[in-house]
Amino acid sequence: MPEVAVEDYLRDVLASAKTNNERVFLSHLTSSTHHDFGIPTDEDYVSLAGDTDHDELSHYLNAVGYIDRWLNKILEILDERDVAGETLVVAVGDHGLSIAERGTITPYSNPHVANYHVPLVMSPPKLPHININDAISSIQILPTILDLLIKTKSLSLSKARAVHDMVRNYKGQSVLRPLLNYSEATGQGGWQFTVMNPGGSTIAVRDARQPNWRLVVPVFGNYEWRFTDLETDTHENAPLLSYDYIANLRSVEAKFGSDAAM
């Protein structure tokens, strides 16, 4: 079902909230950028190339373009309802795709970094635009939202106090503040863990102090230990692979030194 099917619902929800002076929390998962990358028939399809070798990539990019236009439509609706100035918009990808790098149309059992790299945009009204290039993960989305609600005085005093206590007890850090990539108490690095489909098969690990070093750990089944250095191998064309942990460790130490192998 194309995303435009929820347009009337979106308009009705915003109109009702405006009339009744209510808050709205709305989540929306776009599906068109998932295989088979279909777009509505009234949308123009632009072929990426004349051959079939890039057919999947071409359909994917057309789907991305369609979703970009749909997100713009949502922003226009917020403007029409006169609520854009009081709405925090958060857009984040559920996963990436290594379709350009590896020709794969799904992240399933696919440890390539492109499947883990997703866009994250938080657009609070009337605040300046900044880019954050730190190593962050999805557990930092909620504390950042809560931090924004407090700092923009969008909550009552009692709710602000409750949210303030919640943020202090949550593991993730708000990206509005200087990020700590290690524990000041123990010196331990800020390790970040990511799970990809199928769950329980592999875990991707990185240390926020050295985010270019990336290790994929097999949990069960026929999966390999996999180490890459994104600084020297941005597209992971030459990962260090082994079914044996010690063998992989020695390969990492030989190529990248003892610090990487620790």
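This note's numbering puts the first residue of the sequence shown at 11, with every later residue one more than the last. C-beta: ideal position from N, C-alpha, C; glycine also.
Residues near residue i by beta carbon distance below 6 Å, same chain, minus five either side
i      : result
Phe237 : Leu225, Leu250, Val262
Trp80  : Glu13
Ser133 : Val99
Glu90  : none
Counterpart residues of residue i in DSSP-defined beta bridges
i      : result
Pro228 : Thr212
Asp217 : Trp201, Gln220
Buried or exposed (CB count within 10 angstroms, at least 16 for buried), residue i
i      : result
Tyr55  : exposed
Asp46  : exposed
Arg178 : exposed
Asn120 : buried
Ser37  : exposed
Pro153 : buried
Leu156 : buried
Val131 : exposed
Thr212 : buried
Gln198 : exposed
Spatial neighbours of residue i in its chain, beta-carbon cut-off 7 Å, leaving aside the 5 residues before and after
i      : result
Asn125 : His105, Gly106, Leu107, Ser108, Pro117, Met206
Ala271 : Leu259, Val262, Glu263
Trp201 : Val215, Asp217
8 Å CB neighbourhood of residue i in its chain, flanking five on each side removed
i      : result
Ser57  : Ser68
His122 : Ser108, Glu111, Arg112, Thr114, Glu246
Thr43  : Tyr70, Ala73, Val74, Ile77
Limits of the alpha helix (DSSP H) - the one that residue i falls within
i      : result
Thr29  : 17-30
Asp269 : 268-271
For residue i, the first and last residue of its enclosing beta strand (DSSP E)
i      : result
Thr254 : Strictly speaking, residue 254 in this sequence is Asp, with Thr absent from that position. Unbroken run through Asp254: none, as it is neither H nor E.
Phe203 : 201-205
Phe237 : 235-239
Minimum Cβ-Cβ distance from residue i to chain D less than 8 Å
i     : result
Val74 : Among the protein chains of the structure shown there is no chain D, as only one such chain exists.
Ignoring anything shorter than 4 residues or poking outside the region 118-183, list the alpha helix (DSSP H) runs there in chain order. 151-161, 167-179
Worksheet item: Unbroken alpha helix (DSSP H) runs of length 4 or more, entirely within the region 45-130: which are they?
Response: 65-90, 109-112
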